[in-house]
Every structure is written in structure tokens, then in C-alpha cells.
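Residue 309 in UniProt numbering sits at position 309 of the sequence shown; the count goes up by one each step and never skips. C-beta atoms are modelled at their ideal positions from N, C-alpha and C, and glycine is treated no differently. Okay, so here's the structure we're looking at.
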Amino acid sequence: MNHPIRVAVTGAAGQIGYAMLFRLASGQIFGPDQPVILHLVEVPPVLSALDGVEMELEDCAFPTLAGVVKADSDHLEDAFADCNFVICVGSVPRKAGMERGDLIRVNGPIFTSTGQAIQNAAADDVRVLVVGNPCNTNCLIAMANAPKVPRDRWYAMTRLDENRAVTQIAKKSGQPVTAIKNMNIWGNHSATQFPDFYHATIHGTPVPEIIEDHDWLRGEFIETVQKRGAAVIQARGASSAASAANAALDTIKSIITPTPLGESFSAAVCSDGSYGVDEGLIFGYPLTSDGNTWKIVEGIEHDDFAMEKFNATLQELREERDVVRDLLPE
Ligand code: LMR
1 MNHPIRVAVT
11 GAAGQIGYAM
21 LFRLASGQIF
31 GPDQPVILHL
41 VEVPPVLSAL
51 DGVEMELEDC
61 AFPTLAGVVK
71 ADSDHLEDAF
81 ADCNFVICVG
91 SVPRKAGMER
101 GDLIRVNGPI
111 FTSTGQAIQN
121 AAADDVRVLV
131 VGNPCNTNCL
141 IAMANAPKVP
151 RDRWYAMTRL
161 DENRAVTQIA
171 KKSGQPVTAI
181 KNMNIWGNHS
191 ATQFPDFYHA
201 TIHGTPVPEI
211 IEDHDWLRGE
221 FIETVQKRGA
231 AVIQARGASS
241 AASAANAALD
251 TIKSIITPTP
261 LGESFSAAVC
271 SDGSYGVDEG
281 LIFGYPLTSD
291 GNTWKIVEGI
301 EHDDFAMEKF
311 NATLQELREE
321 RDVVRDLLPE
């Protein structure tokens with residue numbers, strides 16, 4: 001058995017947290033030889049619910065669960081002390097009729113203190129995944145408030161979009177989800193995101209060569225993926241939880257595992273200026289990992305249609321950044 005790692009989850013008693021914790025504790029994500037100490041973080045009014053979550057975690061008798069720490073969000077430095085991963089789920093979720101951007105001034109301020117506490121208290125190798133919306137810009141705020149934490153440690157989640165897009169392509173083509181690779185999501189986790197079907201493949205062949213209905217790809221496909229979060233809210237009366245938790249865990253696995261040759265995965269990371277994106281924006285890119293850090297996949301060419309989509313999501317992220325300028329120390 002290795003030395004235990006510490007993994008903090010904010011919003012741990014919420015639906016996404018609940019769907020995530022047992023899989024984190026079970027060895028499924030970090031492997032059977034990697035003990036995990038879970039830090040469950042919640043706002044004070046729901047702290048007592050964490051007692052129940054802790055009891056249930058104990059009652060699973062997971063061999064890889066090496067401990068549970070409960071902490072309240074008024075004491076974030078205690079919450080994140082020595083953590084190797086911080087998964088930021090806690091935020092006010094979107095309700096029917098709202099766009100994710102509507103949450104920006106509600107949730108943004110939470111992420112200034114989150115960033116400061118990560119810098120002050122987390123482990124030197126901390127990696128942070130922001131799930132709470134608007135996740136790209138929340139991640140930007142946290143990162144900007146933690147200037148000593150290297151820029152390659154910050155991620156916002158676009159994997160849910162990738163997974164949604166994979167399933168739409170699988171259904172349309174009649175092929176299994178495992179046949180679909182490199183379903184890159186560019187830009188924002190929002191209704192402007194660009195699910196790049198051009199460079200995705202089915203059994204190694206580009207999607208547009210197999211799915212001949214290009215109107216569907218350019219229209220219904222993109223729109224379905226962009227608006228899936230709203231469709232789930234409409235149907236469930238609450239925003240997606242199990243699928244969001246699953247995508248967060250998929251992201252962690254992709255970050256800690258070397259990416260198979262020729263493949264990529266989607267996450268939003270701090271732009272180094274690649275593809276003309278403003279340096280420092282948290283932008284969804286196709287990535288590869290060496291198990292430790294990431295690289296942006298280079299050399300992808302976009303046609304006019306794709307460029308229009310790319311620029312729309314880039315523009316939205318610039319506007320989001322401008323709305324929270326006061327939360328971004330220079
Ligand atoms: C989702 O994509 O389902 C989540 O980001 C929730 C939302 O607000 O859409």
C-alpha cells in the first residue's frame with residue numbers, strides 16, 4: 001500500500017458529492033493500492049448531513065479508505081490542509097430558465113477564498129478540478145487568487161460535455177461508445193461550447209466520413225450537447241448529478257493516467273495562448289497527460305464553420321472574465 005493521498009470535495013453532502021465520494025473511496029479511481037483520506041467540505045447549515053455520509057462511508061468498509069475529515073466552508077484552510085486533490089463541487093446550482101453565466105456573480109466570490117485557502121494549506125502537488133458553475137470562470141478566479149500554485153494544476157470540467165457528445169455520436173452511428181475517440185470540447189462549459197465532431201473518430205475514421213448527415217452534425221448534434229444540462233434540469237427538476245460526478249472522476253482518471261498514443265481527453269485548463277486564446281483564460285482544449293501534467297494537442301485545423309463556433313465560445317469566456325475582473329487580483 002502507498003502513502004495515503006488526501007482528496008477534498010466541496011459540496012460533499014450534495015447530490016454530485018454523494019455520487020462521487022463512494023467511488024473515490026472504493027479504489028476505483030486511484031487504484032486498489034492507493035489509500036485515500038477524504039476531506040468532506042460543506043457549508044455550516046448542512047454539516048450535520050456529513051455525519052450521515054461519513055457513517056455510510058464507514059459502513060462500506062472500503063479497504064482503500066484511510067480516513068474521513070469533515071470541515072466547514074468557513075474554515076477552508078483546515079478543509080484543504082495537505083490535500084493532493086481538491087474537487088470544487090460546492091456552488092449554487094442552476095435552476096430552470098437560468099444560463100450558467102447567470103450564476104457568475106453568485107458563485108464567483110466563493111472561489112476567491114477557495115483559491116487563497118488552496119494556496120495556503122494544500123499539498124505542494126495539489127491539483128484542482130472545478131465542477132461548480134460557471135466552472136471555467138470559477139476556476140479562473142480560484143487560480144488568480146492562488147498565484148503560487150503552478151498554472152498547470154488547475155482544471156475546469158468539460159468532460160461531461162465530451163461524454164454527452166460521445167453518446168450522441170454512438171447513437172447516431174449505431175456504434176458502441178468505446179469506438180469513439182478524440183471527441184474534443186473547445187471553450188466554455190456552456191451553451192457556446194464547441195463539440196468538435198470534425199476531429200472525433202469512430203473506429204479510427206473521422207466522424208463526418210461515417211455520419212453522412214452533416215446537417216445533423218452541424219445542427220442538432222451540437223445543440224443537443226450544448227443544451228443537455230438545461231434538458232436534464234427541465235426533466236429532473238434539478239441539475240445533473242450522477243453524470244456530473246462520473247465526468248469529474250473520468251477527468252481525474254485522465255489526469256493521473258498517461259493518455260494512450262493518438263488519443264486525447266477534454267478539460268479546460270489555463271491557456272498558454274494556444275489556438276489564439278488569451279493567455280490565462282481557462283479554456284476547454286483537447287489534452288494529453290503523462291500522468292502528471294498535460295499538454296494541449298497541437299496542429300488541429302478548424303474550417304470556417306468550426307472557427308465561428310470557436311470564436312463564439314472564446315468571446316463568451318472573455319466576457320465572463322470581464323464580469324469578474326474585481327475578483328482577479330493582478
Ligand atoms: C450540466 O451541464 O448538466 C451542469 O453543468 C449543470 C448545468 O447547469 O447545466
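Problem set entry | Arg159 classed as buried or exposed, judged by whether at least 16 other C-beta atoms fall within 10 angstroms | As a working note, residue 159 is residue 159 in the sequence shown. The residue in question, Arg159, is buried, as its Cβ has 16 or more Cβ neighbours within 10 Å.
Problem set entry | Extent of the continuous beta strand (DSSP E) to which Arg127 belongs | Locating residue 127 in the sequence shown gives position 127, where the first residue counts as 1. According to the DSSP assignment, Arg127 belongs to the beta strand (DSSP E) that extends over Arg127 to Val130.
Exercise. DSSP state of Ser146, grouped into three classes?
Worked result: Mapped onto the sequence shown, residue 146 falls at position 146. What sits at residue 146 in the sequence shown is Ala, not Ser. Here Ala146 sits in coil by DSSP.
For this session: Would you list, in sequence order, the uninterrupted alpha helix (DSSP H) runs of no fewer than 4 residues that lie entirely inside the UniProt domain "Lactate/malate dehydrogenase N-terminal" (6–147)?
Result: Entirely contained in the UniProt domain "Lactate/malate dehydrogenase N-terminal" (6–147), the alpha helix (DSSP H) runs reaching 4 residues are, in chain order, 15–25, 47–60, 76–79, 104–107, 110–121 and 135–144.
Problem set entry | Contact check, Pro286 vs Val277, beta carbons under 7 Å | Your numbering for residue 286 matches position 286 in the sequence shown. Your numbering for residue 277 matches position 277 in the sequence shown. Val277 is positioned such that its CB atom lies no closer than 7 Å to that of Pro286.
Exercise. Can you name, in chain order, every residue of its own chain whose Cβ lies under 6 Å from the Cβ of Lys309, other than the five neighbours on each side?
Worked result: As a first step, residue 309 must be located in the sequence shown, where it is residue number 309. Excluding sequence positions up to five before and after Lys309, its CB lies within less than 6 Å of the CB of Phe194, all in the same chain and listed in chain order.
Exercise. Are the Cβ atoms of Glu316 and Thr192 separated by less than 7 Å?
Worked result: Mapped onto the sequence shown, residue 316 falls at position 316. Mapped onto the sequence shown, residue 192 falls at position 192. Closer than 7 Å, so yes.
Exercise. Could you give the distance in angstroms between the alpha-carbon of Ala179 and the alpha-carbon of Thr167?
Worked result: As a position in the sequence shown, residue 179 is number 179, starting the count at 1. As a position in the sequence shown, residue 167 is number 167, starting the count at 1. Our two residues, Ala179 and Thr167, have alpha carbons roughly 11 Å apart in a direct line.
For this session: Determine the extent of the beta strand (DSSP E) in which Leu287 is found, giving its start and end residues.
Result: If you number the sequence shown from 1, residue 287 lands on position 287. That run of the beta strand (DSSP E) goes Ile282 to Ser289.
Exercise. Under the three-state reduction of DSSP, which class applies to Asn163: helix, strand or coil?
Worked result: Here residue 163 refers to the residue found at position 163 when the sequence shown is read from its first residue. If DSSP states are grouped into helix, strand and coil, Asn163 belongs with the helices.
Exercise. Of the residues Val131, Gln175 and Arg94, which one's Cα is nearest the Cα of residue 359?
Worked result: Any question about residue 359 goes unanswered here, given that the chain covers just 1 to 330.
For this session: Tell me whether the beta-carbon of Ile300 lies closer than 7 Å to the beta-carbon of His189.
Result: Within the sequence shown, residue 300 is the residue found at index 300, counting from 1. Within the sequence shown, residue 189 is the residue found at index 189, counting from 1. Against a cut-off of 7 Å, the Cβ pair of His189 and Ile300 comes out as no contact.
Exercise. Would the C-beta of Ser240 count as close to the ligand LMR, meaning under 6 Å from any of its heavy atoms?
Worked result: In the sequence shown, the residue the question calls residue 240 occupies position 240. Under cutoff, so the answer is yes.
Problem set entry | Segment limits, beta strand (DSSP E) that includes Asp196 | By 1-based counting over the sequence shown, the position of residue 196 is 196. That run of the beta strand (DSSP E) goes Phe194 to Asp196.
Exercise. Rounded to a whole number of angstroms, what is the C-alpha to C-alpha distance between Met143 and Arg151?
Worked result: Locating residue 143 in the sequence shown gives position 143, where the first residue counts as 1. Locating residue 151 in the sequence shown gives position 151, where the first residue counts as 1. Taking the straight line from one Cα to the other gives about 7 Å.
Exercise. In or out: Asn120 buried (at least 16 other Cβ within 10 Å) or exposed?
Worked result: The residue you call residue 120 lines up with position 120 of the sequence shown. Exposed.
Exercise. In whole angstroms, what is the alpha-carbon distance linking Pro176 and Leu217?
Worked result: In the sequence shown, residue 176 corresponds to position 176, counting from 1. In the sequence shown, residue 217 corresponds to position 217, counting from 1. Going from the Cα of Pro176 to the Cα of Leu217 covers about 18 Å.
For this session: Taking the CB atoms as reference points, tell me whether Thr137 and Glu320 lie closer together than 7 Å.
Result: Counting from one through the sequence shown, the residue named residue 137 turns up at place 137. Counting from one through the sequence shown, the residue named residue 320 turns up at place 320. Taking 7 Å as the cut-off, the Cβ atoms of Thr137 and Glu320 count as close.
Exercise. Per DSSP, which one or two residues make a beta bridge with Ser266?
Worked result: Numbered from its first residue, the sequence shown carries residue 266 at position 266. In DSSP, Ser266 forms a bridge with Pro286.
For this session: Consult DSSP for Lys227 and reduce its assignment to one of helix, strand or coil.
Result: Here the question's residue 227 lines up with position 227 in the sequence shown. Coil, per DSSP.
Problem set entry | C-alpha distance - Arg228 paired with Asp161, whole-angstrom precision | Walking along the sequence shown from the start, residue 228 turns up at place 228. Walking along the sequence shown from the start, residue 161 turns up at place 161. Their backbone Cα atoms lie some 8 Å apart in a straight line.
For this session: Tell whether a beta-carbon distance below 7 Å holds between Leu65 and Leu50.
Result: Sequence index remark: in the sequence shown, residue 65 carries index 65 (1-based). Sequence index remark: in the sequence shown, residue 50 carries index 50 (1-based). No.
Exercise. Is Asn133 near the ligand LMR, with its Cβ less than 6 Å from a heavy atom?
Worked result: The residue given as residue 133 occupies position 133 in the sequence shown. At least one heavy atom of the ligand LMR is nearer than 6 Å to the Cβ of Asn133, so yes.
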